[in-house]
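In what follows, a single structure is set out as structure tokens and then discussed.
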């Protein structure tokens, strides 16, 4: 199965396609950019007339609807392809079997399920988001062995080393949006950008997302500087004057209902999904992490752990009221442990 080489195709899935005729590859393609040609079209273009009588191997069911590009299933059938081997069905409602049906109607043989597990893993965020109708949420934090994100004096730079920091930026580069709360924005003044050598994405993604119910963060903050786009979620009662100031800095401002003292995370995720954000990295602070856990809207954890102990009344990475009984604890299933010089990255999936 060909793997797509395009990295920045979200909200679309990563798709690769290979055309084989008489045991030889006659065309290859990958979906490289959102809005650009799909993998099947690129492979057909490379193959030209050799596509007639060929077998198409593709990561995902060819689309059957008109979106930013015409339907791939129609182009495949018109090219004279005799068989399509697809790793998985497309869960997107406008496709969801429609592509296979169109191919079969044209007399093309269809085989599915080949390397399906690998294809789903490659497009995990896309599949999750389309099925759940919200972005996949990853809670990320750099912590000490005793779970602290800062000293008692509020100092947090730097808990982990340079290799862990580079890994964190690589993580940002793979998601659609990065989110922080107003407390973190006021204390740390983060830019939430991807700082990697050779990183050249120019479309303003990953988006920077700020939760600020009272619009306390000033327009001069680093969050509103540079080319990445910034979205601010606030409450219905927040100052219109402050909203206008943020919009003048290029930020988009969305007003969502309050749920208790916090913004409704369900409303935030619903809005992000329509934008369309498929994966969201939540970088704090402690109260924001606690809210996602409490609302059962966190899906994975990415904890960078340094072999240090702060102790005292320093801040932990999860705030809120916590649980009263050990049996009420949020539970996670370990995915992976990665050593990063003296630090560790633990990734885990939260149990529903």
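Residue numbers (my numbering): 327 to 678.
Backbone N, C-alpha and C define an ideal beta-carbon position, used for all residues, glycine too.
Contained beta strand (DSSP E) runs [length at least 3] in the stretch 618-673, N- to C-terminal order: With a minimum length of 3 residues, the continuous beta strand (DSSP E) runs that stay inside the stretch 618-673 are 626-631, 658-666.
Straight-line Cα distance separating residue 547 from residue 328: Confidence at residue 328 is low in this model, with a pLDDT of 39, below 50, so its placement is unreliable and the value that follows should be read with caution. Looking at the two C-alpha atoms, the distance is approximately 43 Å.
Identify the residues that DSSP records as bridge partners of residue 347: which are they? In the DSSP output, where bridge partners are listed per residue, residue 347 has 350.
Over the uninterrupted alpha helix (DSSP H) stretch that includes residue 367, give me the two end residues. Unbroken alpha helix (DSSP H) run through residue 367: 365-373.
Taking the alpha-carbon positions, what's the residue 482 to residue 667 distance? Answer to the nearest angstrom: the Cα atoms are 19 Å apart.
If you pair each beta-carbon of the stretch 522-535 with each one of the stretch 616-631, do three or more pairs fall below 8 Å? With a cut-off of 8 Å, the stretch 616-631 and the stretch 522-535 do not count as touching, because too few Cβ pairs lie within range.
Taking all protein chains shown into account, decide if residue 387 is buried (16 or more other Cβ within 10 angstroms of its Cβ) or exposed. Here residue 387 is buried. Its C-beta has 16 or more other C-beta atoms within 10 Å.
The beta strand (DSSP E) with residue 467 in it runs from where to where? Bounds of the beta strand (DSSP E) holding residue 467 are 462-469.
Shortest alpha-carbon distance to residue 633 belongs to which of 504, 460, 669, 626? When only C-alpha atoms are compared, the closest one is 669.
If I follow the unbroken alpha helix (DSSP H) through residue 454, where does it start and stop? That run of the alpha helix (DSSP H) goes 450-458.
Go through its chain and collect everything with a Cβ distance to residue 345's Cβ below 6 Å, but skip five positions before and after it. Taken in chain order, the residues that qualify are 352, 353, 369, 373, 377, 380, 382.
Under 8 Å between C-beta atoms of residue 540 and residue 517: Contact: no.
Excluding the 5 residues preceding and the 5 following residue 270 in the sequence, name in chain order all residues of the same chain whose CB lies nearer than 7 Å to its CB. What the structure shows of the chain is the stretch from 327 to 678, and residue 270 is not part of that stretch, so it cannot be assessed.
May I ask you to list the residues that DSSP assigns as paired with residue 497? Its beta-bridge partners do not exist; DSSP assigns none.
May I ask you to report which of helix, strand or coil DSSP gives residue 513? Helix at residue 513.
In this structure, how does DSSP classify residue 406 when only helix, strand and coil are distinguished? Reduced to three states, the DSSP call for residue 406 is coil.
Run of the beta strand (DSSP E) containing residue 385, from where it starts to where it stops: If you look at residue 385, you'll find it in the beta strand (DSSP E) that goes 381-386.
Taking Cβ to Cβ, would you say residue 420 is nearer than 8 Å to residue 400? Cβ atoms of residue 420 and residue 400: not closer than 8 Å.
The alpha helix (DSSP H) that contains residue 429, what's its start and end? Counting along the chain, the alpha helix (DSSP H) containing residue 429 begins and ends at 424-431.
Cβ distance (whole Å) where residue 452 is taken to contact residue 339 below 8 Å: 4 Å between Cβ atoms; contact.
Classify residue 404: buried if its beta carbon has 16 or more other beta carbons within 10 angstroms, exposed otherwise. With fewer than 16 Cβ atoms within 10 Å of its Cβ, residue 404 is classed as exposed.
Nearest-angstrom Cα distance between residue 467 and residue 460? Residue 467 and residue 460 have their C-alpha atoms some 22 Å from each other.
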